[in-house]
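Everything below concerns the one structure shown next.
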Amino acid sequence: MILQKTHPEVLFQGLILMDPGILPPGRPSSIKLAGLFNKMALLKRDTWASVEEARQDLSRKGGAYRGFVPATLESFLVRHCLPHFDAVTLTCSKAQEGAYYAANDMILPPAEALIKLSKEDRLPIHLIVCLKDEYRGMSDDMKAFQVETVGKMSCGSVQFIEKGGHMVSMRLRCQLLFSYWYQFPQVEPALTATYLRKALIRIWNLGVRL
Numbered sequence: 013m014i015l016q017k018t019h020p021e022v023l024f025q026g027l028i029l030m031d032p033g034i035l036p037p038g039r040p041s042s043i044k045l046a047g048l049f050n051k052m053a054l055l056k057r058d059t060w061a062s063v064e065e066a067r068q069d070l071s072r073k074g075g076a077y078r079g080f081v082p083a084t085l086e087s088f089l090v091r092h093c094l095p096h097f098d099a100v101t102l103t104c105s106k107a108q109e110g111a112y113y114a115a116n117d118m119i120l121p122p123a124e125a126l127i128k129l130s131k132e133d134r135l136p137i138h139l140i141v142c143l144k145d146e147y148r149g150m151s152d153d154m155k156a157f158q159v160e161t162v163g164k165m166s167c168g169s170v171q172f173i174e175k176g177g178h179m180v181s182m183r184l185r186c187q188l189l190f191s192y193w194y195q196f197p198q199v200e201p202a203l204t205a206t207y208l209r210k211a212l213i214r215i216w217n218l219g220v221r222l
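Okay, so the sequence shown: first residue is 13 according to our numbering, each after it adds one.
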């Protein structure tokens with residue numbers, strides 16, 4: 013989305029935003045939610061004695077990636093675990109992730125990009141929003157901002173799902189576009205690809221051509 017804003021010569025046909033973390037600027041709720049993300053990042057574990065220990069920890073019951081398909085988890089471990097003295101650590105440490113959430117880059121660039129694209133009303137945007145998530149009402153303002161912004165577009169569309177959340181590993185019932193059981197990419201990538209294809213076809217059928 014930011015790439016399309018900064019480099020309009022890149023010929024995207026449309027954007028599909030899957031429960032995105034795009035916070036409304038200048039709102040107390042955004043500061044509060046970004047603060048929660050910062051706290052969660054700093055509390056998580058990012059160093060293990062070995063890749064095997066990381067694999068067991070991340071995939072255990074209650075682990076961060078317990079719902080990931082094995083191939084996705086293995087890809088994550090291969091690409092994002094680096095040797096660190098006599099241990100392994102994530103390529104993006106918890107300190108780095110926490111610093112991002114504490115910076116203005118967490119809120120302003122994504123929101124400004126969405127607002128700019130919606131005002132241009134040239135690129136189709138399909139927004140998928142869950143009605144209930146793991147933040148227990150803290151994200152309501154964020155969702156309202158996204159729905160209102162995309163809803164003003166002549167080539168924008170919004171799809172609501174009953175419950176879920178950002179990258180949450182649970183089955184979701186899609187009610188508008190797909191009408192099938194759906195899971196986020198890391199949990200069931202092949203099924204996700206099938207339904208994203210349906211969304212892309214819908215965007216193409218809007219008749220917007222670059």
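Backbone N, C-alpha and C fix where the C-beta goes; we use that ideal spot for every residue, glycine too.
Inset, instruction - Reducing DSSP to helix, strand and coil, say where Lys155 ends up. - result: Translated into the one-based positions of the sequence shown, residue 155 becomes position 143. Of the three classes helix, strand and coil, the one that applies to Lys155 here is helix, per DSSP.
Inset, instruction - From the DSSP output, read off the bridge partner residues of Trp12. - result: The structure shown does not extend to residue 12, since the chain is modelled only from 13 through 222, so no value can be given for it.
Inset, instruction - Measure the beta-carbon distance from Ile14 to Ala125 and round it to whole angstroms, keeping in mind my assumption that it falls under 8 Å. - result: Within the sequence shown, the letter at position 2 stands for residue 14. Within the sequence shown, the letter at position 113 stands for residue 125. Going by Cβ atoms, the distance from Ile14 to Ala125 rounds to 5 Å, so yes, they are a contact pair.
Legend entry - Asp152 versus Thr84: straight-line alpha-carbon distance, rounded: As a working mapping, residue 152 is identified with position 140 in the sequence shown. As a working mapping, residue 84 is identified with position 72 in the sequence shown. Going from the Cα of Asp152 to the Cα of Thr84 covers about 30 Å.
Inset, instruction - Take Val100 as the anchor and find which of Gly163, Ile213, Thr59 and Phe157 has the nearest alpha-carbon. - result: Taking the first residue of the sequence shown as 1, we reach residue 100 at position 88. Comparing Cα-Cα distances from Val100 to each of Gly163, Ile213, Thr59 and Phe157, the minimum goes to Thr59.
Inset, instruction - Determine the contact status of Met154 and Ile34, defining contact as a CB-CB distance below 8 Å. - result: As a first step, residue 154 is located in the sequence shown; it is residue number 142 there, counting from the start. As a first step, residue 34 is located in the sequence shown; it is residue number 22 there, counting from the start. The answer is yes: Cβ separation under 8 Å.
Legend entry - Nearest candidate by alpha-carbon position, reference Glu146, set Gln108, His138, Thr18 and Met52: The count along the sequence shown starts at 1 and reaches residue 146 at position 134. Closest option to Glu146, Cα to Cα, is Met52.
Legend entry - Assigned exposure category for Gly168 - 16 Cβ within 10 Å defines buried: By one-based count along the sequence shown, residue 168 stands at place 156. With 16 or more Cβ atoms within 10 Å of its Cβ, Gly168 is classed as buried.
Legend entry - CA-to-CA distance, Leu94 to Leu102, given in whole angstroms: Here residue 102 is taken as the residue at index 90 of the sequence shown, counted from 1. Here residue 94 is taken as the residue at index 82 of the sequence shown, counted from 1. When rounded, the distance between both Cα atoms is 6 Å.
Legend entry - Endpoints, the beta strand (DSSP E) within which His138 is located: Residue mapping note: residue 138 aligns to position 126 of the sequence shown, counting from 1. Where His138 is concerned, the enclosing beta strand (DSSP E) stretches over Ile137 to Lys144.
Legend entry - Where the alpha helix (DSSP H) through Leu27 begins and ends: For the purposes of this step, residue 27 is identified with residue 15 of the sequence shown, where counting begins at 1. Looking at the DSSP string, Leu27 is not in any alpha helix (DSSP H); the run it does join, the beta strand (DSSP E), is Leu27 to Met30.
Legend entry - Reference Glu109, options His96, Val141 and Ala46, closest by Cα: Within the sequence shown, residue 109 is the residue found at index 97, counting from 1. That would be Ala46, whose Cα lies nearest to the Cα of Glu109.
Inset, instruction - Have a look at Arg72, His19, Pro121 and Met165 and flag the residue whose alpha-carbon is nearest the alpha-carbon of Glu132. - result: As a position in the sequence shown, residue 132 is number 120, starting the count at 1. Of Arg72, His19, Pro121 and Met165, the residue nearest in Cα terms is Met165.
Inset, instruction - Could you work out which residue in Gly75, Cys104, Ser62 and Pro36 is closest to Phe97 when comparing CA atoms only? - result: Residue numbering aside, residue 97 sits at position 85 when the sequence shown is read from its first letter. Ranking Gly75, Cys104, Ser62 and Pro36 by Cα distance to Phe97 puts Ser62 first.
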